[in-house]
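The next block holds one structure in the form of structure tokens; read it before the comments.
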Amino acid sequence: MSDSTPGFREMKSVVVRFAGDSGDGMQIVGERFTDTSVTVPNSIATFPDFPAEIRAPVGTIGGVSAFQVHFGSSQVLTPGDEPDALVAMNPAALAVHLPDLAKGGLLVVNSAAFTADNLKMAGFASNPLDDPGLGDKYTLVALDITGLALESLKDTALTNREKLRCKNFFALGLMYWVYTRPIEPTIEYINSKWAKKTPELAAANIRVLKAGYYLGETSELTRNRYSVARADVAPGIYRKISGNEATALGLIAASQRAGRDLLFSGYPITPATSILETLAAYKHFGVTTVQAEDEIAAIGVAIGASYAGKLGATATSGPGMCLKGEFIGLAITTELPLVIVNVQRGGPSTGLPTKTEQSDLFQALYGRHGESPLPVIAANSPSDCFAAAFEAARIAMAYSTPVILLTDGYLANGSEPWQVPDEATLPDISRPFADESQPYVAFARDPQTLARTQAIPGQPGLEHRIGGIEKNEKGAISYDPENHSVMTGLRAAKVAGIARSLPPLEVTGELTGKVLVVGWGGTHGAITSAVAALRSEGVAVSCTNLRYLNPLPPDLAALIAGFDHILVPELNYGQLNMILRANYLVEAASMTKIMGRPFKVSEIRARILELLND
Amino acid sequence: MATVIQDLPAVAELTRKDFVPPTEVRWCPGCGDYAILNSLQRTFPELGVARENFVVISGIGCSSRFPFYMNTYGFHTIHGRAPSVATGVKVANPELSVWIITGDGDGLSIGGNHLLHLLRRNLDATVLLFNNRIYGLTKGQYSPTSPVGTRTKTSPNGSLENPLNPVLFALGAEATFVARTVDNNPKHMVETFKAAHAHKGISFVEIFQNCVIFNDSTWESIYGKESRDDQMLFLETGKPLLFGKDKSKGIRLNGLTPEVVDVATAAPGEILIHQPEQASPLYSHLLATLAEPDFPTPMGVIRKIEKPTYEALVHAQNAAAKAKHGAGTWQELLHGDATWTVA
Numbered sequence: 034m035s036d037s038t039p040g041f042r043e044m045k046s047v048v049v050r051f052a053g054d055s056g057d058g059m060q061i062v063g064e065r066f067t068d069t070s071v072t073v074p075n076s077i078a079t080f081p082d083f084p085a086e087i088r089a090p091v092g093t094i095g096g097v098s099a100f101q102v103h104f105g106s107s108q109v110l111t112p113g114d115e116p117d118a119l120v121a122m123n124p125a126a127l128a129v130h131l132p133d134l135a136k137g138g139l140l141v142v143n144s145a146a147f148t149a150d151n152l153k154m155a156g157f158a159s160n161p162l163d164d165p166g167l168g169d170k171y172t173l174v175a176l177d178i179t180g181l182a183l184e185s186l187k188d189t190a191l192t193n194r195e196k197l198r199c200k201n202f203f204a205l206g207l208m209y210w211v212y213t214r215p216i217e218p219t220i221e222y223i224n225s226k227w228a229k230k231t232p233e234l235a236a237a238n239i240r241v242l243k244a245g246y247y248l249g250e251t252s253e254l255t256r257n258r259y260s261v262a263r264a265d266v267a268p269g270i271y272r273k274i275s276g277n278e279a280t281a282l283g284l285i286a287a288s289q290r291a292g293r294d295l296l297f298s299g300y301p302i303t304p305a306t307s308i309l310e311t312l313a314a315y316k317h318f319g320v321t322t323v324q325a326e327d328e329i330a331a332i333g334v335a336i337g338a339s340y341a342g343k344l345g346a347t348a349t350s351g352p353g354m355c356l357k358g359e360f361i362g363l364a365i366t367t368e369l370p371l372v373i374v375n376v377q378r379g380g381p382s383t384g385l386p387t388k389t390e391q392s393d394l395f396q397a398l399y400g401r402h403g404e405s406p407l408p409v410i411a412a413n414s415p416s417d418c419f420a421a422a423f424e425a426a427r428i429a430m431a432y433s434t435p436v437i438l439l440t441d442g443y444l445a446n447g448s449e450p451w452q453v454p455d456e457a458t459l460p461d462i463s464r465p466f467a468d469e470s471q472p473y474v475a476f477a478r479d480p481q482t483l484a485r486t487q488a489i490p491g492q493p494g495l496e497h498r499i500g501g502i503e504k505n506e507k508g509a510i511s512y513d514p515e516n517h518s519v520m521t522g523l524r525a526a527k528v529a530g531i532a533r534s535l536p537p538l539e540v541t542g543e544l545t546g547k548v549l550v551v552g553w554g555g556t557h558g559a560i561t562s563a564v565a566a567l568r569s570e571g572v573a574v575s576c577t578n579l580r581y582l583n584p585l586p587p588d589l590a591a592l593i594a595g596f597d598h599i600l601v602p603e604l605n606y607g608q609l610n611m612i613l614r615a616n617y618l619v620e621a622a623s624m625t626k627i628m629g630r631p632f633k634v635s636e637i638r639a640r641i642l643e644l645l646n647d
Numbered sequence: 063m064a065t066v067i068q069d070l071p072a073v074a075e076l077t078r079k080d081f082v083p084p085t086e087v088r089w090c091p092g093c094g095d096y097a098i099l100n101s102l103q104r105t106f107p108e109l110g111v112a113r114e115n116f117v118v119i120s121g122i123g124c125s126s127r128f129p130f131y132m133n134t135y136g137f138h139t140i141h142g143r144a145p146s147v148a149t150g151v152k153v154a155n156p157e158l159s160v161w162i163i164t165g166d167g168d169g170l171s172i173g174g175n176h177l178l179h180l181l182r183r184n185l186d187a188t189v190l191l192f193n194n195r196i197y198g199l200t201k202g203q204y205s206p207t208s209p210v211g212t213r214t215k216t217s218p219n220g221s222l223e224n225p226l227n228p229v230l231f232a233l234g235a236e237a238t239f240v241a242r243t244v245d246n247n248p249k250h251m252v253e254t255f256k257a258a259h260a261h262k263g264i265s266f267v268e269i270f271q272n273c274v275i276f277n278d279s280t281w282e283s284i285y286g287k288e289s290r291d292d293q294m295l296f297l298e299t300g301k302p303l304l305f306g307k308d309k310s311k312g313i314r315l316n317g318l319t320p321e322v323v324d325v326a327t328a329a330p331g332e333i334l335i336h337q338p339e340q341a342s343p344l345y346s347h348l349l350a351t352l353a354e355p356d357f358p359t360p361m362g363v364i365r366k367i368e369k370p371t372y373e374a375l376v377h378a379q380n381a382a383a384k385a386k387h388g389a390g391t392w393q394e395l396l397h398g399d400a401t402w403t404v405a
């Protein structure tokens, strides 16, 4: 990964993790480091990892917050397996994150925080910084970051508390020096955010940032500096985007394309909340947001809006999905367009609210009573949430059906550079409402898609009733056994028929061979990275990522049939694996992980090699 | 169901018949719902609203079949959740006249939370809560408005829970319009529905409704022939609170406690004057607590105050955002604040 020029090493890619107490501002410095690195440009992926508690007691293990950023000169698809550098602002952060640090990695610690009390809270019997072994295993840089930050601000009028809050920028400045990143973008950022309202604080943060940077320069503390060359990124216009932001923008884009204003209703729930927050700032795009009284009401409001002619959408996470189940059934039987986003988190119950998992696939597919199929699609990277949300809304309107979009906490909070699409390339999704000059039959169907056409309140002469009770084609309540059979079949056939319009699968590698890795959703980066690395070493292995979980892509059967082994890595106990086995009668191998964390590339790589050597 | 009535008359010429769909009504013979349906079908043509702009939304229960019996746009949703669907409809299109049909179980038990928030938000819509103090569609179990001791198949030894007073519930949620009417008085129902429609904001109407099968005569002690004069207090704005045959009795306050007084012996000005529009909710709360057997039950408009409606506030914010930022563009949406170019 590196050449041997002394004092200055060129790296292909680097993983840096900032860790500290929730109040230490680790998310802010992680974000800054990311924003600076995208402008190099480097290829980038990030992984914020924070506790569910807003402010757990200071100094405790439970209060540790971290932000990992992976930047490289070639394509980076994951936030990285293990950090090459760890900044630990207190003993608890060291205790939690040191086991992940690569052997020989750079370890920067704030020695001032290693007090007897803090050591005790972190579970250390003695000060680990006194252990000579630590410096043998890692490139240890123990600095009195607190003292250095205070010192650089000693002639300012700030309170001690205010001065202390600047110390995260000292660590950031130092890491900028180590990885030869410019500090100017951060100075601009600080000025744009705080210079007007609190000029003293802005100046102080800039001063501390520079102090950290210059410390590296003057003392050459780490012996080595690293650089990561520009990535060979496709030409175009880029922005940084998180998964939840991309989901929000995808919904707006679809509403603009369709000419139906978006009405989004949500109830705050981690990690989906920022979708509602983001959309609330887009009112001038015809977006209406309603913060409902609960998860059930949120989807009810969205269904009401769709019924009245808007694009209705809602977003939640696992527990909220449980509550929405009955309303999803209503949207299925009344055949109204609706997008339901599930930003999956660790479950069951409250589970791990801030951690990621893919364990809601079965729930999305089967989590309702009655025969109630609906389209389910998944996003595979933070920026891909845009295209996935757009596609979910397109299918919802084209087929007049609710659609579940699965993302996860890892995608939602992670961010990456996104090549901004040209709006002209977005597909047309306009679909007219019923024609007022024609008699209206509520459940008459388009012969191609089997979608019904909506008449919306306010359209004269098309008054009709819909509801949850089984109905006949005309919309009249019907308990007739034959009719129930026909209507259930039509609803299922409509959803199954979407398969005919799906694009061909994208496959990395050959279309036949020994091992095919089949993934879905956010494991895309880790799987593709592992497969790409093996292929570059001459190992024949292929992979694909499923955007469509229901209906499954029609070409998947043939693809699977062309391989000796199918490996299905999932952050659950093998839900897709069971679906593949049931659908294709294939002895697919399951690879599972339930730790609230994404797969490491190395884990998938090892499992592929195992299968290859079988 | 799908019958399309061509050559629809102008709004002013609509009649009851325009609101009667070709659907067979399937309530039990003698059910109080028939009278309510009839009264609403008589009310709608008189509201000056085009037929296509009415939306009737319900939850689950006997009363919630209502939308199928009104020839308007209608949505029979799920148990207790009609308020949320109605909120989506009204916010999506404030031009629509939205009517929510619910019952004591649908609205106050499984849907209590949604009703609470619908009322406090002040959506411009009307809620008709059919209160028969029983679960009818599931064949007779006690409801959240059943009196203590109600014997049903799920409470063979008598129900234990204190009943909820729907009017008090609505006042507690600070609904801007709260009224009560009875299923055996079509004239009063039509008047009350019209007043509810005329109110800009949420209008909550409790309707005493008889379930002929599972809770027959539940309101007889209040609105029956024998009792109605003494047990109902018909409210008229600006008029004293009088009741009884020949209006011989009135309500006065003794400190904070209401009392029934003989009009003949009451001091001048002592009898309370009905003022549903006063800002303080105290008077309305006092009215809401009047109950049998000691007091007549108030009928009519109990509270009516003006507040901005939810959907108007939502649209004002949306309009303000458009005025401030201009209509959003693709460039702004896709590029955001900060982009960089890779050549």
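Going line by line, the protein sequences match chains A and B. Just so we're aligned, residue 34 is where the first sequence starts under our numbering, counting upward by one. Just so we're aligned, residue 63 is where the second sequence starts under our numbering, counting upward by one. Idealized CB from N, CA, C, for every residue including glycine. Note that the structure is a prediction, hence the values are computed from the model and not measured.
Margin query: With the cut-off set at 8 Å, would you say T658 of chain A and S448 of chain A are in Cβ contact?
Written below: Only positions 34 to 647 of chain A appear in this structure, which leaves residue 658 of chain A out of reach.
Notebook entry, point to check: Can you check whether the CB of A364 of chain A is closer than 8 Å to the CB of G554 of chain A?
Noted result: In this structure, A364 of chain A does not lie closer than 8 Å to G554 of chain A by Cβ.
Note to self: Is T111 of chain A close to chain B? Criterion is C-beta to C-beta, closer than 8 Å.
What the structure shows: Output row for T111 of chain A: interface = no.
Notebook entry, point to check: Beta-carbon of D36 of chain A versus every beta-carbon of chain B: anything under 8 Å?
Noted result: Low per-residue confidence applies at D36 of chain A: pLDDT is 40, beneath 50, and the placement is therefore not dependable, though the value from the model is reported in the following sentence. Chain B has no Cβ within less than 8 Å of the Cβ of D36 of chain A.
Item checked: Inter-stretch contact (C-beta, 8 Å, three-pair minimum) for the region 497-513 of chain A and the region 131-140 of chain B -> Cβ pair count under 8 Å is three or more, so yes.
Checklist line | Interface partners of I336 of chain A on chain B, CB under 7 Å | finding: From the beta-carbon of I336 of chain A, the residues of chain B found nearer than 7 Å are V147, G150.
Notebook entry, point to check: With respect to the beta strand (DSSP E) encompassing M294 of chain B, which residues constitute its N-terminal and C-terminal limits?
Noted result: Where M294 of chain B is concerned, the enclosing beta strand (DSSP E) stretches over 294-296.
Next item on the list: Look at the alpha carbon of E278 of chain A and the alpha carbon of G398 of chain B, and state the distance between them as a whole number of angstroms.
Entry: Straight-line Cα distance between these residues: approximately 11 Å.
Notebook entry, point to check: Is E469 of chain A helix, strand or coil when you go by DSSP?
Noted result: Three-state DSSP puts E469 of chain A in coil, outside helix and strand.
Notebook entry, point to check: How would you write the range of the beta strand (DSSP E) that P268 of chain A sits in, first residue to last?
Noted result: First-last for P268 of chain A: undefined, no H or E at that position.
Next item on the list: Determine the closest residue to R263 of chain A out of A:F104, A:S569, A:I462, A:A615, with distance taken between C-alpha atoms.
Entry: Measuring from the Cα of R263 of chain A, the nearest candidate turns out to be A:F104.
Note to self: Measuring straight from C-alpha to C-alpha, what distance separates P116 of chain A and I77 of chain A?
What the structure shows: The C-alpha of P116 of chain A lies about 14 Å from the C-alpha of I77 of chain A.
Next item on the list: Could you confirm whether any beta carbon from chain B is found closer than 8 Å to the beta carbon of Y315 of chain A?
Entry: So yes, Y315 of chain A belongs to the interface.
Next item on the list: Run down chain A in chain order and give the residues with a C-beta less than 7 Å from the C-beta of F137 of chain B.
Entry: The contact set of F137 of chain B on chain A, defined by CB atoms closer than 7 Å, consists of Y340, I499, G500 in chain order.
Margin query: Using DSSP's beta-bridge definition, name the partner residues of T319 of chain B.
Written below: Paired residues: B:N316.
Notebook entry, point to check: Based on Cα-Cα distance, which residue from A:K527, A:G58, A:A204, A:D461 lies nearest to R478 of chain A?
Noted result: Of the candidates A:K527, A:G58, A:A204, A:D461, the one whose C-alpha sits nearest the C-alpha of R478 of chain A is A:K527.
Notebook entry, point to check: Can a CB atom of chain B be found closer than 8 Å to the CB of P454 of chain A?
Noted result: Output row for P454 of chain A: interface = yes.
Check: Going straight from the alpha carbon of I361 of chain A to that of I140 of chain B, what length do you get?
Finding: Their backbone Cα atoms lie some 11 Å apart in a straight line.
Next item on the list: Taking only the alpha-carbon atoms, compute the straight-line gap between Y345 of chain B and P145 of chain B and give it to the nearest angstrom.
Entry: Each residue's Cα considered, the two are about 27 Å apart.
Margin query: Run through the DSSP bridge pairs and tell me what L371 of chain A is partnered with.
Written below: Beta-bridge pairing links L371 of chain A to A:P435.
Note to self: With a threshold of 8 Å between beta-carbons, can Q379 of chain B be considered close to chain A, or not?
What the structure shows: Taking Cβ atoms only, chain A reaches closer than 8 Å to Q379 of chain B, which makes this a yes.
Notebook entry, point to check: Between the region 439-456 of chain A and the region 405-421 of chain A, are three or more C-beta pairs nearer than 8 Å?
Noted result: They touch, by the three-pair rule.
Check: What did DSSP end up calling G234 of chain B once you bin it into helix, strand or coil?
Finding: Residue state, collapsed to three classes: helix.
Checklist line | Short-range partners of chain A found in the region 173-197 of chain B, where Cβ spacing is below 8 Å | finding: Contact annotation: in the region 173-197 of chain B, residues whose CB is within less than 8 Å of a CB in chain A are N175, H176, L178, H179.
Check: Who are P302 of chain B's beta bridge partners in DSSP?
Finding: Paired residues: B:I335.
Check: Counting Cβ pairs, one atom from each stretch, are 3 or more of them under 8 Å apart for the region 304-312 of chain A and the region 165-172 of chain B?
Finding: Two segments are said to touch when three or more pairs of C-beta atoms, one from each, lie closer than 8 Å; by this definition the region 304-312 of chain A does not touch the region 165-172 of chain B.
Next item on the list: Could you have a look at H138 of chain B and say whether DSSP puts it in helix, strand or coil?
Entry: In the structure shown, the three-state DSSP call for H138 of chain B is strand.
Margin query: Taking 6 Å as the limit between beta carbons, can you name the residues of its chain near A182 of chain A, skipping five residues before and five after?
Written below: Contacts found: C199, K200, F203, V241.
Next item on the list: Tell me the start and end of each unbroken beta strand (DSSP E) in the region 124-180 of chain B that is at least 3 residues and wholly inside, in chain order.
Entry: Taking only runs of at least 3 residues, the beta strand (DSSP E) segments lying wholly in the region 124-180 of chain B are 135-138, 159-165.
Next item on the list: Tell me whether the beta-carbon of L297 of chain B lies closer than 8 Å to the beta-carbon of I313 of chain B.
Entry: Against a cut-off of 8 Å, the Cβ pair of I313 of chain B and L297 of chain B comes out as no contact.
Check: How about H259 of chain B: is its C-beta nearer than 8 Å to some C-beta of chain A?
Finding: So, not an interface residue.
Check: Would a check of beta-carbon distances place L158 of chain B closer than 8 Å to chain A?
Finding: Put simply, the CB of L158 of chain B is near chain A, with a gap under 8 Å to one of its CB atoms.
Checklist line | Bounding residues of the alpha helix (DSSP H) (the contiguous stretch that carries E64 of chain A) | finding: Secondary structure note for E64 of chain A: its alpha helix (DSSP H) is the uninterrupted segment 59-71.
Notebook entry, point to check: How would you label H176 of chain B, buried or exposed, when you count the other beta carbons within 10 angstroms and need 16 or more for buried?
Noted result: Result: buried.
Notebook entry, point to check: What number of angstroms, rounded off, separates the C-alpha of S405 of chain A from the C-alpha of R113 of chain B?
Noted result: So the two alpha carbons sit approximately 33 Å from each other.
Note to self: Strictly by DSSP, which residues pair up with F239 of chain B?
What the structure shows: DSSP lists B:S265, B:K366 as partners of F239 of chain B.
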